[in-house]
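Heads up: the structure comes next, in structure tokens.
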DNA sequence: ATAATAGCTGAGTATATCTGTCAAGTATTT
DNA sequence: AAATACTTGACAGATATACTCAGCTATTAT
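Protein chains in written order, with this note's numbering: chain A, 1 to 158; chain U, 159 to 316.
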């Protein structure tokens, strides 16, 4: 359950590759393809989206390729995935494009919203820089292993 | 991204309905269908799986229906979803059925594993009882909003 | 016994999404 | 102007989703 599409996965791997080689000039799509084992044609689709989103920049012509548009500390995994797969939306009624008819009457609405918010917070907190450093991830809940409950979810940072 | 299938969603809603009416004798599939707006035929599929998993019990014949097999404090949302949709597996290489060829060489492996573990912890910590109480959910990360990082993920409970 | 109720099961199907490929560009540099 | 590299949109096969349907089995009330 809750699988990520390959587009998102490859997108993050591609971004990693670009970040890794930054400073050595633009990274060609061919290189990304070879290093990360993803076809050039498929990468074109993915990188095109990321470029339009302003996460990477491209340089045309011989010697061209892709480079980060910002410092890797300022690029989150969440942002990359959102551009490629749309926002986190556990259920269709939480998708901003669709909307929920009976928000208040639905017992589970808040459950899915809360889960979605957690995931979002995780993904937005994780930066490309962290991937580069191999600095990796002990989770949001460092504590007990059981969720923190409270009367109501209310506003949560976001 | 990361959408849950309707089977999982309906399953949780059905479990809620059964839990809500527990103490009034078995709940018929027809009632669940009407209250939760899911077709009888589709519910049969869903409830059948949950019954075989031992989460609910059924009584045949007139006056029959479904009831919880355990205290709602002991039934987690994670367990319900796992029976209906399989384990959380953000990527195919983290699916126990498939396995990963290059675990160590893959930079993103740990990222997805960590995200998956978080989700799992959230879902397993959330019990049917919590839904009943409308006692809902402030999330795993009560703190800063940024993920807690550490050198390596190491063993985490499970 | 038997009729009515209620759950049980597996097969089947339409639709949508995913996971790509292909072809024909356009822009830039040497 | 030739070579390199990115850009775009169309399209297609495979898989998964979201169901329905038909016919069955078990249980209880009369």
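For every residue, glycine included, the Cβ atom is placed at its ideal position computed from N, Cα and C.
Need the endpoints of the beta strand (DSSP E) that residue i sits in, please.
{"i": "residue 22 of chain A", "result": "Looking at the DSSP string, residue 22 of chain A is not in any beta strand (DSSP E), and its letter there is neither H nor E."}
Quick check: what's the CA-CA separation for residue i versus residue j?
{"i": "residue 12 of chain A", "j": "residue 185 of chain U", "result": "47 Å"}
{"i": "residue 211 of chain U", "j": "residue 232 of chain U", "result": "14 Å"}
{"i": "residue 216 of chain U", "j": "residue 206 of chain U", "result": "9 Å"}
{"i": "residue 77 of chain A", "j": "residue 270 of chain U", "result": "11 Å"}
{"i": "residue 226 of chain U", "j": "residue 39 of chain A", "result": "50 Å"}
{"i": "residue 5 of chain A", "j": "residue 183 of chain U", "result": "43 Å"}
{"i": "residue 279 of chain U", "j": "residue 34 of chain A", "result": "36 Å"}
{"i": "residue 266 of chain U", "j": "residue 87 of chain A", "result": "20 Å"}
{"i": "residue 134 of chain A", "j": "residue 264 of chain U", "result": "11 Å"}
{"i": "residue 37 of chain A", "j": "residue 249 of chain U", "result": "16 Å"}
Enumerate in chain order the residues of its own chain whose CB-to-CB distance from residue i is below 6 Å, with the five nearest sequence positions on each side excluded.
{"i": "residue 89 of chain A", "result": "95"}
{"i": "residue 16 of chain A", "result": "131"}
{"i": "residue 29 of chain A", "result": "40 and 43"}
Beta-carbon within less than 7 Å of residue i's beta-carbon, same chain only, minus the 5 sequence neighbours each way: which residues are those?
{"i": "residue 46 of chain A", "result": "7, 10, 11, 14 and 84"}
{"i": "residue 230 of chain U", "result": "177, 285, 286, 287 and 290"}
{"i": "residue 2 of chain A", "result": "none"}
{"i": "residue 281 of chain U", "result": "234, 235, 236 and 239"}
Could you tell me the boundaries of the alpha helix (DSSP H) in which residue i lies?
{"i": "residue 120 of chain A", "result": "109-125"}
{"i": "residue 290 of chain U", "result": "286-291"}
Leaving out five residues before and five after residue i in sequence, what residues of the same chain have Cβ atoms less than 8 Å from its Cβ?
{"i": "residue 189 of chain U", "result": "175, 179 and 223"}
Measuring only between beta-carbons, confirm whether residue i sits less than 8 Å from chain U.
{"i": "residue 70 of chain A", "result": "no"}
{"i": "residue 91 of chain A", "result": "yes"}
{"i": "residue 34 of chain A", "result": "no"}
{"i": "residue 44 of chain A", "result": "no"}
{"i": "residue 107 of chain A", "result": "yes"}
{"i": "residue 16 of chain A", "result": "yes"}
{"i": "residue 2 of chain A", "result": "yes"}
{"i": "residue 52 of chain A", "result": "no"}
{"i": "residue 12 of chain A", "result": "yes"}
{"i": "residue 119 of chain A", "result": "yes"}
{"i": "residue 126 of chain A", "result": "yes"}
{"i": "residue 115 of chain A", "result": "yes"}
{"i": "residue 24 of chain A", "result": "no"}
Checking contacts by CB at 8 Å: is residue i closer than that to chain A?
{"i": "residue 235 of chain U", "result": "yes"}
{"i": "residue 167 of chain U", "result": "yes"}
{"i": "residue 241 of chain U", "result": "no"}
{"i": "residue 246 of chain U", "result": "yes"}
*asked:* Could you tell me which whole alpha helix (DSSP H) segments of length 4 or greater appear in the stretch 172-245 of chain U?
replied: DSSP assignment within the stretch 172-245 of chain U yields the following whole alpha helix (DSSP H) runs of 4 residues or more, N-terminal first: 187-194, 198-210 and 235-243.
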